[in-house]
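Encoded as structure tokens, the structure appears first; notes follow it.
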Amino acid sequence: MIFKSAKINAFRTWGLLLTMLGMGLMVLGTAGIVFWGHAGKVFAAVGLVIGLVAMMASLAIYFWAGMLSTSAVQVDCPECGKLTKMLGKTDRCMFCHTILTLDPNQANTTNPQLKAHSTPSSSETEHGVSSNS
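Residue numbers (this note's numbering): 1 to 133.
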């Protein structure tokens with residue numbers, strides 16, 4: 001349950017990882033000049049270009065997550081009582097990671113029941129909690 005999160009938060013996590021990777025590659029590429037002098041300029045150029053591509057991919061992911069967030073359904077989590085956003089029919093609470101669903105057929109089912117009837121798009125659900133919206 002530690003690594004389970006809401007879909008929007010998962011997109012933001014990938015954006016953050018790409019940002020850190022891009023910045024790290026840029027710093028390491030520039031460090032090539034310090035370690036190898038004039039010969040390290042090729043290493044620096046490669047690091048800066050790949051880092052820039054990673055940063056642009058991060059920008060695209062953050063923009064995409066922001067656009068998805070504006071059209072997401074807002075529901076009150078029955079566990080923690082906070083307002084959270086849902087993408088699709090099932091998602092997790094952004095705060096307490098409780099599985100939420102808008103599909104009455106999946107509400108209040110147990111983990112083995114869902115695994116027996118799961119589809120590839122709903123394989124991440126363990127049990128559904130009906131929301132009142």
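From the three backbone atoms N, C-alpha and C, an ideal C-beta is built for every residue, glycine too.
Item	Value
Assumed close pair VAL75, LEU59 - CB separation to whole angstroms, cut-off 8 Å	Actually they are not in contact, since the Cβ atoms of VAL75 and LEU59 sit about 29 Å apart, beyond 8 Å.
Cβ neighbour criterion (16 or more within 10 Å) applied to ASP103	exposed
Assumed close pair MET23, GLY51 - CB separation to whole angstroms, cut-off 8 Å	7 Å
MET67 (DSSP reduced to helix, strand or coil)	helix
Enclosing beta strand (DSSP E) for LEU100 [first to last residue]	99 to 101
In DSSP terms, what MET56 is bridged to	Beta-bridge pairing links MET56 to no other residue.
Straight-line gap, ILE8 to VAL49 (C-alpha atoms, nearest Å)	28 Å
Identity of the residues DSSP links to LEU83 by a beta bridge	ASP76
Cβ-based neighbour list, GLY15, same chain, cut-off 7 Å, excluding 5 preceding and 5 following	SER58, ILE61, TYR62, ALA65
Distance CB(THR84)-CB(ALA6) smaller than 8 Å	yes
Selection from MET67, CYS96, SER71, MET86 that minimises the alpha carbon distance to GLU79	CYS96
According to DSSP, residues forming a beta bridge with THR90	THR101
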